[in-house]
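Quick notes on the structure that follows.
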Amino acid sequence: MPIAPRTVFEDWIKNFEPEPAREHWLVTAIMKWAYKDASKAKRLGYPRAHSTPDQFRDYEFNAAYLYFINLKISGVDLSVFDGKEVLDVGCGRGGKTIYIAQNTKLKSIHGFDVPAVFKPEDAERYAKAKGVSNCTFSLGYGEDMKFADNSFDLVVSDDVIEHVDDPERVFQEVYRVLRPAGLAIMKFPSYKMVTGHHYDGVLNLPGLQYLLPYSTWAAGLNYLLSRPEFAGQYDALPRAVSTKYHPNITPILNGIDFKGAKQAIAKTDFEVIQLSMFPYFINLARHSETLLRKSALFVYNKVLPVLGLQELVSTQIVFVGRKPN
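Just so we're aligned, residue 77 is where the sequence shown starts under the numbering used here, counting upward by one.
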């Protein structure tokens, strides 16, 4: 079954066995430092497993402006949505999909996600409450989309490819459902990137996957849940799995990296308009043409690739592809 394309949810995490709890001195030391004031713990403010579906949708909707900012940084103008019939692959709870419908000039947008995390009728109710009528939803899997060939002008996908079972098949399905001259705009992290570990709901520090294996992190974090100062602070982490891309990883990820993405895309007939990464220092990328920005981007684009470090200090892979006429 394809992996649910979002962070830990109560209604699907129960399908994963938790990693057996084992104390690890370094995990404990880092967590004591990061949680010395639990109200200011070094983690992202994701909704928790016990959050309601509408709380998830609110979170997605209110954070969706960042998606537009990232598109702009990637050189994608929002006019690309104008008049288009759009498919959102892996729409989560639908909040971002509804935001896109509300804030672009698209003709229509359809979002889908896997049954374990998504109820289309709830997303459509939320859209109606937001005054959005050109937004529909369904259940489905990226590897087997229930749409006819040549159905959409534009396919978007945000932070999904790193979660699916078979990225190659998803790229092929995206290509199939696009109309000739249609565009795919897909953004996702590589596991090799410093923010690619997806521990953010517990510990939002870069490069943790390079410090210890996932199974060690999961065991150590699950052990700490038995201690009063950490009890209830985060959700238990599932047992490690092995995938095509990585031998020791959380089951909510597949471990794909830039090389793997490039190889998967090469197996389609997409005309590649853009396949690139953008830097971890994303705030710097928004600044005007200052000497600092120019110097940093020179190092990022010219020096770090030679050293084999560019992917490490990147935050997203951006793919823009066109289906030929």
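Beta carbons: idealized from backbone N, C-alpha and C, even for Gly.
Please state the DSSP three-state secondary structure of leucine 385.
coil
Runs of 3 residues minimum, wholly inside the segment 222 to 307: which ones carry the beta strand (DSSP E) assignment?
228 to 234, 254 to 264
Does phenylalanine 92 come out as helix, strand or coil in the three-state DSSP assignment?
coil
Presumed contact (8 Å Cβ cut-off) between glutamate 161 and aspartate 234, rounded CB distance
Not a contact, Cβ separation roughly 18 Å.
Bridge partner(s) assigned by DSSP for proline 314:
Pro94
Cα separation between leucine 163 and isoleucine 185?
6 Å
With H, G and I counted as helix, E and B as strand and the rest as coil, what does DSSP make of arginine 201?
helix
Selection from Ser318, Leu102, Ser150 that minimises the alpha carbon distance to isoleucine 261:
Ser150
Check whether the Cβ atoms of leucine 279 and proline 94 sit closer than 9 Å, and answer yes or no.
no
If you draw a straight line from the C-alpha of threonine 271 to the C-alpha of leucine 154, how long is it?
26 Å
Tell me, please, whether the segment 249 to 256 touches the segment 211 to 227 by the rule of three or more beta-carbon pairs shorter than 8 Å.
yes
Going by DSSP, what residues sit across from threonine 212 in a beta bridge?
His186
Does DSSP put valine 375 in a helix, in a strand, or in coil?
helix
Please list, in chain order, all residues of the same chain as leucine 182 whose beta carbon is under 6 Å from its beta carbon, the five residues on each side excluded.
Phe157, Lys160, Val162
Given a cut-off of 9 Å, decide if leucine 215 and valine 236 are closer than it, judged by their beta-carbon atoms.
no
Cβ-Cβ separation, tyrosine 111 to phenylalanine 395 (assumed contact under 8 Å), whole Å
No, phenylalanine 395 and tyrosine 111 are not in contact; Cβ-Cβ is about 37 Å, not under 8 Å.
When burial is assigned at 16 or more other CB atoms within 10 Å of the CB, is phenylalanine 374 buried or exposed?
exposed
What is the DSSP secondary structure of phenylalanine 354, reduced to helix, strand or coil?
strand
Among Phe354, Val389, Ala177, the one whose alpha carbon lies nearest that of asparagine 210
Ala177
Identify which residue in Phe132, Ala117, Leu388 has its Cα closest to the Cα of leucine 284.
Leu388
Would you call the segment 286 to 293 and the segment 97 to 116 touching, i.e. three or more CB-CB distances under 8 Å?
yes
Closer than 7 Å by C-beta to tyrosine 202: which residues in its own chain qualify, once you throw out the five before and the five after it? Chain order, please.
Asp130, Arg133, Gly170, Ile174
Within 10 angstroms of its Cβ, does glutamine 392 collect 16 or more other Cβ (buried), or is it exposed?
buried
Identity of the residue in Ala337, Ala295, Asn324 nearest tyrosine 97 by Cα:
The amino acid at residue 97 is misidentified as tyrosine; the sequence shows alanine. Minimum Cα distance to alanine 97 is reached at Ala295.
Taking threonine 180 as the reference, give the member of Phe144, Leu385, Leu329 with the closest Cα.
Phe144
Please state whether DSSP places isoleucine 393 in a helix, a strand or coil.
strand
Taking only three categories from DSSP, how would you classify valine 152?
coil
Excluding five sequence neighbours on each side, which residues of the same chain lie with their C-beta closer than 6 Å to the C-beta of leucine 385?
none
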